[in-house]
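**Student:** Going by our numbering, the sequence shown opens with residue 1, and the numbers climb by one from there.
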Amino acid sequence: MFKERKIQQDELILMTMEQMVPKDHLLRKIDTSIDLSFINEKTRSLYSQDKGRNCIEPVILFKIVLLQYLYGLKSMRATIKQCETDASFRWYLGIPFGQPIPHYSTFSQNYLRRYVNTTIFEEIFETILQLAVKRKLVSGRDLFTDSTHIRANANNRKCTNQIQAVVKQRKLELEAEINGIRAELGKKDIEFEEEVETKEVKVSTVDPESGYYHRDEKEKGFMYLDHRTVDGMNNFIVDVHVTPGNVHDSKPYLSRLEYILNKYGFQTKNVGLDSGYYGWEIMEGLERRDIFSAIAYRSFNTNREDRKNFRYVEELDAYVCPTGCLLPLRNIDKMGYKHYFDKKQCEGCPLLMTCAGKSNRKEIRRHVKQEVYERARERRLSEQGKLFYVRRKTTVERSFADSKQNHGYRYATHRGLAKVQSYAWLSCAAQNMKKMALLIHQRNTVNLSNFIKSWILTFNGTPAVFFSTN
């Protein structure tokens with residue numbers, strides 16, 4: 001029958017915090033799987049040991065930030081409001097309803113006075129990842145790297161145009177190889193100098209450390225780039241490196257790879273990269289480390305049809321034209337391109353107009369690192385390369401999607417490169433914590449199920465004995 005329910009909001013409830021949080025709650029799984037008490041020890045030296053008022057435990061402050069990223073809350077104010085009313089949040093923080101939650105500005109003030117210019121954020125990320133490695137949830141055998149943009153906390157219209165001088169990084173190894181080939185050809189060495197390129201760039205007046213990001217078919221504006229590497233076993237994030245939005249994907253790759261290998265001692269065998277990393281420096285660097293690479297092809301809009309009918313002879317370092325004439329190596333320029341031609345053999349050739357057009361000779365260019373590109377192409381088109389590269393969409397790309405969709409990673413909530421990097425460590429640590437807790441809970445559930453099955457089988461398949469209530 002119909003009956004109106006009386007409002008009972010002032011009813012006294014006798015219930016503990018333990019009873020209010022469901023047994024299968026995510027925060028319970030995280031709390032039983034990951035002990036964050038190490039944060040107190042790592043930050044102890046940043047606090048006075050015998051003066052001043054008692055502080056709020058650092059582990060509580062960092063737990064509040066981790067809660068913000070775990071649930072994708074937009075700001076610290078919103079997180080504190082959630083902590084005030086959410087029983088599961090209070091249970092995880094260990095703050096009962098009778099006690100106040102720290103003010104939303106507390107962590108910001110602690111950051112400015114204690115944590116700025118320290119490595120505590122990176123150490124928290126590393127400790128959680130090391131715990132995953134110890135539990136055999138991370139192998140380090142297969143790594144996938146990519147970058148994604150994070151919209152800076154800056155107005156795109158508040159900017160100035162500045163002329164900046166960019167010093168191009170010299171490639172000393174390539175320069176030495178070029179001059180070595182020129183010496184064999186009897187030509188003078190090229191005197192390489194630092195090249196300075198001036199260009200006009202947009203600089204934000206709100207967050208000058210961000211970079212103006214503009215790529216085809218993507219949003220434009222002031223951004224930061226998250227260069228992320230994930231492990232192929234369970235998609236754990238093993239590195240997150242933040243740069244301004246106008247830094248190319250490939251620039252920090254080799255240095256970050258070296259950092260990962262040295263920090264965690266991974267025996268990495270395979271890496272998967274998109275076309276943004278298509279360059280001989282990266283390919284050769286991976287070959288030296290004996291790492292198999294599957295790198296997507298990048299089109300440079302150059303016409304390769306001119307060499308289609310010409311055969312390269314590696315032993316002679318020369319090209320053979322369709323008529324059988326040999327085009328030897330004649331020169332190499334400062335960009336590293338070898339020039340193959342023979343004007344005398346081209347004179348009177350019936351195919352000259354087809355090959356060279358209006359020129360009086362056919363000339364073919366080949367980069368000194370062409371063999372590196374060809375080996376990379378063979379790896380990419382191999383069965384192993386195809387199967388490995390397709391895993392990118394379920395590893396690093398899925399990691400980015402999870403960060404932006406569930407952990408509030410679309411926008412930078414802070415300004416300045418160092419601060420964005422610090423909070424990126426915590427955001428990725430929260431993502432790893434969630435993944436670790438769910439995997440451990442799943443593993444324990446499967447182990448318990450297997451134990452029950454094996455226990456039942458020991459009683460000759462008579463489950464009634466096990467479930468008997470007598």
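Even for Gly, the Cβ is constructed at its ideal location relative to N, Cα and C.
Closest by CA to R215, which one among F266, H149, I178 and G180?
**Tutor:** H149
**Student:** Can you find the residues in the same chain that come closer than 6 Å, C-beta to C-beta, to A356, ignoring five residues on each side of it along the sequence?
**Tutor:** Answer for A356: K362, listed in chain order.
**Student:** Applying the 10 Å Cβ sphere with the 16-neighbour rule, what's the burial state of Q162?
**Tutor:** exposed
**Student:** So, for G408: in the same chain, excluding its five sequence neighbours on each side, which residues have a beta-carbon less than 8 Å away from its beta-carbon?
**Tutor:** Q68, Y69, G72, L73, K74 and S427
**Student:** With three or more beta-carbon pairs closer than 8 Å as the criterion, would you say the stretch 158 to 173 touches the stretch 194 to 214?
**Tutor:** yes
**Student:** Since V166 is in the beta strand (DSSP E), which residue starts that stretch and which ends it?
**Tutor:** C159 to V167
**Student:** Bridge partners for I237 per DSSP, in chain order?
**Tutor:** V230
**Student:** For the stretch 98 to 162, which segments carrying the beta strand (DSSP E) assignment without a break, of at least 3 residues, lie completely within its bounds, in sequence order?
**Tutor:** 142 to 151
**Student:** Considering Cα atoms alone, identify which of F38, T145 and V240 is closest to I131.
**Tutor:** According to the sequence as given, residue 131 is Leu; it is not Ile. Cα-wise, what sits closest to L131 is F38.
**Student:** Residues bridged to H339 by DSSP?
**Tutor:** N331 and R365
**Student:** Can you give me the Cβ contacts of I56 inside the same chain, cut-off strictly under 6 Å, excluding the 5 residues immediately before and after it?
**Tutor:** Here the set comprises P102.
**Student:** Buried or exposed: where does G94 fall if 16 or more other Cβ atoms within 10 Å of its Cβ makes it buried?
**Tutor:** exposed
**Student:** Less than 8 Å between the beta carbons of L66 and A430, yes or no?
**Tutor:** yes
**Student:** State the Cα-Cα distance for the pair R139 and L36, rounded to the nearest angstrom.
**Tutor:** Correcting the residue identity first, residue 139 is Ser in this sequence and not Arg. Within the model, the alpha-carbon separation for S139 versus L36 is close to 23 Å.
**Student:** Do the stretch 256 to 273 and the stretch 286 to 294 meet, that is, are 3 or more Cβ pairs less than 8 Å apart?
**Tutor:** yes
**Student:** Use the C-beta contact count for T16: other C-beta atoms within 10 angstroms, 16 or more gives buried, fewer gives exposed.
**Tutor:** So T16 counts as exposed.
**Student:** Which of the three DSSP states, helix, strand or coil, is assigned to N270?
**Tutor:** strand
**Student:** If we count the other Cβ atoms within 10 Å of its Cβ and call it buried at 16 or more, is D231 buried or exposed?
**Tutor:** buried
**Student:** In chain order, what residues of the same chain have a beta carbon less than 6 Å from the beta carbon of C346, not counting five sequence neighbours either side?
**Tutor:** L352, R361 and K362
**Student:** Going by C-alpha distance, which of E287, S250 and D189 is nearest R298?
**Tutor:** S250
**Student:** Is the number of C-beta pairs between the stretch 362 to 375 and the stretch 334 to 345 that are closer than 8 Å three or more?
**Tutor:** Verdict: yes, contact present.
**Student:** Which first and last residues belong to the alpha helix (DSSP H) in which R295 is found?
**Tutor:** Correcting the residue type first, residue 295 is Ile in the shown sequence and not Arg. First-last for I295: F292 to I295, but that is the beta strand (DSSP E), not the alpha helix (DSSP H).
**Student:** Quick one: grab the DSSP three-state call for S204.
**Tutor:** strand
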